[in-house]
Amino acid sequence: METIQYRNLLPGDFPAVMAIWQATENIGLSSADNPEALAGFLERNPVLSFVAMAGERQVGAVLCGHDGRRGAIYHLAVASSYRRKGVGKHLVNLCLHSLWEIGIERCHIHVYTQNQAGINFWQQGGWFLRPELALLSIDVNPNPFQSLSIS
112 METIQYRNLL
122 PGDFPAVMAI
132 WQATENIGLS
142 SADNPEALAG
152 FLERNPVLSF
162 VAMAGERQVG
172 AVLCGHDGRR
182 GAIYHLAVAS
192 SYRRKGVGKH
202 LVNLCLHSLW
212 EIGIERCHIH
222 VYTQNQAGIN
232 FWQQGGWFLR
242 PELALLSIDV
252 NPNPFQSLSI
262 S
């Protein structure tokens, strides 16, 4: 296997990175993963997201950010021919090291419950399940807020 180089994710990487994410099972993409939203995410979270390069070809990527208190990893994916070679682990470690450097001491990842291979990957890296927590979500739109008066 050729040498893999790692560097920060840049907006120009989005087309190739999106192709990796779309080709990877159990990656949940949404309208929030458009180039403009991703560029804003990188602007708010500089030096936390990374790509793995085999020559000029992107073979892995991870999106990482924080809210000032906790980190979050989104969309870790490695091209199928580069899996089980340490690329994903290295990308995660780059994120964790970068979070640590800016003072973030805990990081979270959302994994689909039916994605046992993904859960195994994270647990082998020392991540632990939080059975006492339940993830709840809501799509934000203006309708629920119409009755609010903001002064």
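The opening position of the sequence shown corresponds to residue 112 in our numbering, with each subsequent residue numbered one higher. Where is the CB? At the ideal position from N, CA and C, for every residue including glycine.
- Within the segment 154 to 212, the alpha helix (DSSP H) runs of at least 4 residues that lie entirely inside it are, in chain order, 198 to 212.
- In this structure, L120 sits near V162, with a CB-CB distance shorter than 8 Å.
- One Cα belongs to R168, the other to P122, and the distance between them is close to 15 Å.
- Here Q225 carries a coil assignment [DSSP, helix/strand/coil].
- In the three-state reduction of the DSSP assignment, I249 falls in the coil class.
- Secondary structure note for I131: its alpha helix (DSSP H) is the uninterrupted segment 125 to 133.
- N119 carries a strand assignment under DSSP once its states are collapsed to helix, strand and coil.
- Straight-line spacing of the CA atoms in D178 and I184 works out to 12 Å.
- Around the CB of G214, fewer than 16 other CB atoms lie within 10 Å, so the residue is classed as exposed.
- Rounded to the nearest angstrom, the gap between the Cα atoms of Q234 and A150 is 30 Å.
- DSSP places I220 inside the beta strand (DSSP E), whose first and last residues are 218 to 220.
- With 16 or more neighbouring CB atoms inside 10 Å of its own CB, S160 falls in the buried class.
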